Amino acid sequence: MATHILTFHRGQALNKLTRRRASLVVSASSSSDKQVVLVCQNKECKQRGARRTLKCALALAETLNVQVEEQDCFGDCAMGPNISVNEKMFYGCKTPDKIAAAFATVEGIDADAVDEARTAYENSLQ
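First residue of the sequence shown? That's -13 in this note's numbering, and the numbers climb one at a time after it.
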């Protein structure tokens, strides 16, 4: 099955239904059975630290068997960087703790495993 990734461009209005559809389409079209975590990488979120958010999310995903995909914009730039997990939005994900909290909502992921992955990531930064 081909993977289709939806991207939205700056200035495009997104309502909650559109964001939900984007999350559903990306999740449904993924070529693996892994759950998908979307991390905004639009200009405004990048200015607020979205590159660090993505780096942490990728490190957690590797340990937790979750797929991370970049999203161009969720439309809530003032609250970024933003993450979407199973249609639920997490705003201001700037720290490993907040990013781990988003990952803890992934179905089938043990909270202790998320905490261990977060700790390992933080230790790798030292």
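Quick reminder that beta carbons are idealized off the backbone N, C-alpha and C, glycines included.
Because the structure is a prediction, the values reported are computed rather than measured.
As assigned by DSSP and simplified to three states, the class of residue i
{"i": "residue 69", "result": "strand"}
{"i": "residue 9", "result": "Note that residue 9 has pLDDT 42, beneath the 50 cutoff, so the model's placement of it is unreliable and no number is given."}
{"i": "residue 53", "result": "strand"}
{"i": "residue 79", "result": "coil"}
{"i": "residue 20", "result": "coil"}
{"i": "residue 92", "result": "coil"}
{"i": "residue 59", "result": "coil"}
{"i": "residue 105", "result": "helix"}
C-alpha gap between residue i and residue j, whole angstroms
{"i": "residue 93", "j": "residue 81", "result": "22 Å"}
{"i": "residue 27", "j": "residue 36", "result": "6 Å"}
{"i": "residue 22", "j": "residue 55", "result": "7 Å"}
{"i": "residue 65", "j": "residue 19", "result": "30 Å"}
{"i": "residue 109", "j": "residue 38", "result": "15 Å"}
{"i": "residue 111", "j": "residue 71", "result": "25 Å"}
{"i": "residue 62", "j": "residue 87", "result": "19 Å"}
{"i": "residue 83", "j": "residue 75", "result": "15 Å"}
{"i": "residue 79", "j": "residue 59", "result": "14 Å"}
{"i": "residue 73", "j": "residue 52", "result": "15 Å"}
{"i": "residue 95", "j": "residue 105", "result": "16 Å"}
Contact under 8 Å by Cβ, residue i with residue j
{"i": "residue 147", "j": "residue 85", "result": "The requested residue 147 is not part of the displayed model; the chain covers only -13 to 112."}
{"i": "residue 67", "j": "residue 31", "result": "yes"}
{"i": "residue 107", "j": "residue 47", "result": "no"}
{"i": "residue 90", "j": "residue 97", "result": "yes"}
{"i": "residue 100", "j": "residue 40", "result": "no"}
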